[in-house]
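Asker: Here's a structure for you.
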Amino acid sequence: MKRVAVYDLPVRLFHWLFAFFILAAFIIAKTTDDDSQIFIYHMMAGLTVGFLLVLRIIWGFAGTRYSRFSSLRLSPAGLMVYLKDAVFMKAKRYLGHNPASSYAAVIMFLCAAGLIVTGILMTGGRGGDFIEDAHELLSTMLIIAVIVHLGGVALHQMKHRDAIWLTMFNGKKEQTGDNQGIRSTRPFAGILFFLLTFLWIGILITRFNRNSQTVDLFGYELNLGDDEQTSRSTYEKDRDDEDDDHD
Ligand code: HEM
Ligand code: HEM
C-alpha cells in the first residue's frame, strides 16, 4: 500500500524532544535528592518541556493538516466505538490521530502543562503540600499515559503490521480511504523549531547563576535552589536595592 506524508517535521521534532525531556525530568526527580545540584537539571528539563509545549500550541493552529488541533478526534462517542473495536482487533485505521491517540495526546499535553505550573509554583522552596502532591500526581498520570500510548503503538503494530513506530521518524503512514497526505513537511519551520529549542536551552544554561541559584528569564529571576528565597522580578530587586541606598 502507498505510504504518504502525514506528520510534518516540527511535529516529529516536538515528539522526540518532548519524550526525551519528560523522561529526563522524571528520571532525575526519581533518582536524585531535591536539594542536590543535579535537581536543577530536573527543573531545566521541565522548563524545556514547557517551551516545547508553547511551540506545539502555536503549531496546533499554524501547522499542516494532521498537526492542527482541529484534526484531533475528540468525540467521546467516537472514542467508545474505537476502544470497543480495538478490543476485538477490528478498529478502523486513521491517517492522522485516531480517537484513542487524540485523547492520549491531549492528556499528555494537559499533564505536562500542569507539571510546569505546579513545578514553577514550587521553586525556591515555595508551594506547600497541596502543590507538591498535585505535581507528583500529575507526573504519575503522565507516565501512565505514556505507558498506555506505547501499548497503543504496540497493539497497532501487531494488528496492522505497518511499522507505525516509524511514523514519528519519517512522518509517513499507509494511505487509508480518500484521505490525502500533506504536500510539504515544512522543513524550514522544522529547522526554526529546532533552533528555537536550542536557543532556549542555551538561555537556561548561560543565564543560570550558580551563586544565587537563579536563572534570569528576561527580567524574571526564577530561583531553582531549594532555599526559601522567592522568585521575583529584577524590577522588585532593583527597587529593594534603591530602598537600601536611601537607608
Ligand atoms: C516518553 C515517551 C513518549 C511521549 C511523551 C510521547 C508523546 C506523544 C504525543 C504527545 C503524541 C501526539 C503528537 C502530536 O500531535 O503532537 C504522540 C504521537 C505518537 N507517538 Fe509518541 N510519545 C512517546 C514515545 C513514543 C515512542 C517510543 C514511539 C514509537 C515506538 C512513539 C510513537 C508515536 C506515534 C506513532 C505517534 C502518532 C500516533 C498517531 O498517529 O495517532 N511515541 N506521542
Ligand atoms: C515534564 C515535566 C516534569 C515532570 C515529569 C516532573 C516530575 C517530578 C517528580 C516525579 C517529582 C518527585 C516527586 C516525588 O516522588 O517526591 C518532582 C519533584 C519536583 N519538581 Fe518536577 N516535574 C516536571 C517539571 C518540573 C518543573 C518545570 C519544575 C520547576 C521549574 C519542577 C520542580 C520540582 C520540584 C521543586 C520538586 C521537588 C518537590 C519536593 O520538594 O518534593 N518540576 N517532579
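Take the sequence shown: its letter number 206 is residue 239 in our numbering, and every next letter is one higher.
Where is the CB? At the ideal position from N, CA and C, for every residue including glycine.
On a predicted model such as this, the values are computed, not experimentally measured, just so you know.
Using only the heavy atoms of ligand 2, determine whether one of them is closer than 6 Å to the beta carbon of Phe59.
Answerer: Sequence index remark: in the sequence shown, residue 59 carries index 26 (1-based). Yes - ligand 2 has a heavy atom lying nearer than 6 Å to the Cβ of Phe59.
Asker: Go ahead and pull the three-state DSSP assignment for Leu250.
Answerer: Here residue 250 refers to the residue found at position 217 of the sequence shown. Leu250 falls in the strand class under three-state DSSP.
Asker: Classify Phe241 as helix, strand or coil using the three-state DSSP reduction.
Answerer: Translated into the one-based positions of the sequence shown, residue 241 becomes position 208. Strand at Phe241.
Asker: Between which two residues does the alpha helix (DSSP H) harbouring Arg45 extend?
Answerer: Here residue 45 is taken as the residue at index 12 of the sequence shown, counted from 1. Per DSSP, Arg45 belongs to the alpha helix (DSSP H) from 42-64.
Asker: How many angstroms separate the CA atom of Lys63 from the CA atom of Arg216?
Answerer: Position 30 of the sequence shown, counted from the first residue, corresponds to residue 63. Position 183 of the sequence shown, counted from the first residue, corresponds to residue 216. Those two C-alpha atoms are separated by around 43 Å.
Asker: At 4 residues or longer, what runs of the alpha helix (DSSP H) sit wholly inside the segment 99-131?
Answerer: Qualifying alpha helix (DSSP H) stretches, in chain order: 109-120.
Asker: Counting beta carbon pairs with one atom in the segment 168-177 and one in the segment 50-67, are three or more of them shorter than 8 Å?
Answerer: The segment 50-67 is in contact with the segment 168-177.
Asker: Can you tell me which of the three DSSP states Asn203 falls into?
Answerer: To locate residue 203, count along the sequence shown from 1; it is residue 170. Correct three-state label for Asn203: helix.
Asker: Drop a sphere of 10 angstroms on the beta-carbon of Gln70, count the other beta-carbons inside from all chains shown, and report buried for 16 or more, exposed for fewer.
Answerer: Walking along the sequence shown from the start, residue 70 turns up at place 37. Exposed, since its Cβ has fewer than 16 Cβ neighbours within 10 Å.
Asker: I'd like to know whether the C-beta atoms of Met201 and Arg89 end up nearer to each other than 7 Å.
Answerer: Walking along the sequence shown from the start, residue 201 turns up at place 168. Walking along the sequence shown from the start, residue 89 turns up at place 56. The answer is no: Cβ separation not under 7 Å.
Asker: Going by Cα to Cα distance, which pick from Ala95, Phe251, Gly147 is closest to Leu170?
Answerer: By 1-based counting over the sequence shown, the position of residue 170 is 137. When only C-alpha atoms are compared, the closest one is Gly147.
Asker: Candidates Met141, Val114, Ile238: which alpha carbon is nearest Leu282's?
Answerer: Nothing about residue 282 can be reported from this structure: the residues present for the chain run from 34 to 280 only.
Asker: For Asn212, write down the residues that DSSP places opposite it in a beta bridge.
Answerer: Position 179 of the sequence shown, counted from the start, is the residue given in the question as residue 212. The partner list for Asn212 (beta bridge, DSSP) is empty, contrary to what the question assumes.
Asker: Does any heavy atom of ligand 1 sit closer than 6 Å to the C-beta of Ala119?
Answerer: By 1-based counting over the sequence shown, the position of residue 119 is 86. Not under cutoff, so the answer is no.
Asker: Considering only the alpha carbon of each residue, which of Ala95, Gln190, Phe221, Pro220 lies closest to Glu207?
Answerer: The sequence position of residue 207 within the sequence shown is 174, counting from 1. When each option's Cα is compared against that of Glu207, the closest is Gln190.
Asker: Check the C-beta distance from Ala145 over to Val82 and give it rounded, since I have them as a contact under 8 Å.
Answerer: Here residue 145 is taken as the residue at index 112 of the sequence shown, counted from 1. Here residue 82 is taken as the residue at index 49 of the sequence shown, counted from 1. So it is a contact: roughly 5 Å between Cβ atoms.
Asker: Where Ser108 and Pro132 are concerned, what is the direct C-alpha to C-alpha distance, given to the nearest angstrom?
Answerer: On the sequence shown, residue 108 is found 75 positions in, with the first residue counted as 1. On the sequence shown, residue 132 is found 99 positions in, with the first residue counted as 1. Cα-Cα distance, rounded: 8 Å.
Asker: Here's a check: name, in chain order, each residue in its chain whose Cβ is nearer than 6 Å to the Cβ of Thr65, leaving out the five neighbours to either side.
Answerer: Here residue 65 corresponds to residue number 32 of the sequence shown, with the count starting at 1. Around Thr65: Ile71, Phe72.
Asker: By how many angstroms is the C-alpha of Lys117 removed from the C-alpha of Lys35?
Answerer: Against the sequence shown, residue 35 aligns to sequence position 2. Against the sequence shown, residue 117 aligns to sequence position 84. Going from the Cα of Lys35 to the Cα of Lys117 covers about 28 Å.
Asker: Expressed to the nearest angstrom, what Euclidean distance is found between the alpha-carbon atoms of Asn244 and Ala119?
Answerer: On the sequence shown, residue 244 is found 211 positions in, with the first residue counted as 1. On the sequence shown, residue 119 is found 86 positions in, with the first residue counted as 1. If I take the Cα positions, the gap works out to 55 Å.
Asker: Heavy atom of ligand 1 less than 6 Å from the Cβ of Met174, yes or no?
Answerer: In the sequence shown, residue 174 corresponds to position 141, counting from 1. Incorrect: Met174 has no Cβ contact closer than 6 Å to ligand 1.
Asker: Need the endpoints of the alpha helix (DSSP H) that Arg89 sits in, please.
Answerer: Along the sequence shown, one-based indexing puts residue 89 at 56. 72-95 is the span of the alpha helix (DSSP H), which, as asked, contains Arg89.
Asker: Quick one: give me the first and last residue of the alpha helix (DSSP H) that Val179 is part of.
Answerer: Taking the first residue of the sequence shown as position 1, residue 179 is located at position 146. Start and end: 162-193.
Asker: Under the DSSP definition of a beta bridge, which residues are partnered with Leu255?
Answerer: The residue you call residue 255 lines up with position 222 of the sequence shown. The partner list for Leu255 (beta bridge, DSSP) reads Val248.
Asker: Using 6 Å as the cut-off, classify the Cβ of Ile71 as near or not near the heavy atoms of ligand 2, replying yes or no.
Answerer: Locating residue 71 in the sequence shown gives position 38, where the first residue counts as 1. Checking every heavy atom of ligand 2 against the Cβ of Ile71, none is found closer than 6 Å.
Asker: Secondary structure at Val37, three-state DSSP: helix, strand or coil?
Answerer: The count along the sequence shown starts at 1 and reaches residue 37 at position 4. Correct three-state label for Val37: strand.
Asker: Flag this pair as yes or no: are the beta carbons of Leu154 and Val39 separated by less than 7 Å?
Answerer: To locate residue 154, count along the sequence shown from 1; it is residue 121. To locate residue 39, count along the sequence shown from 1; it is residue 6. No, the Cβ-Cβ distance between Leu154 and Val39 is not below 7 Å.
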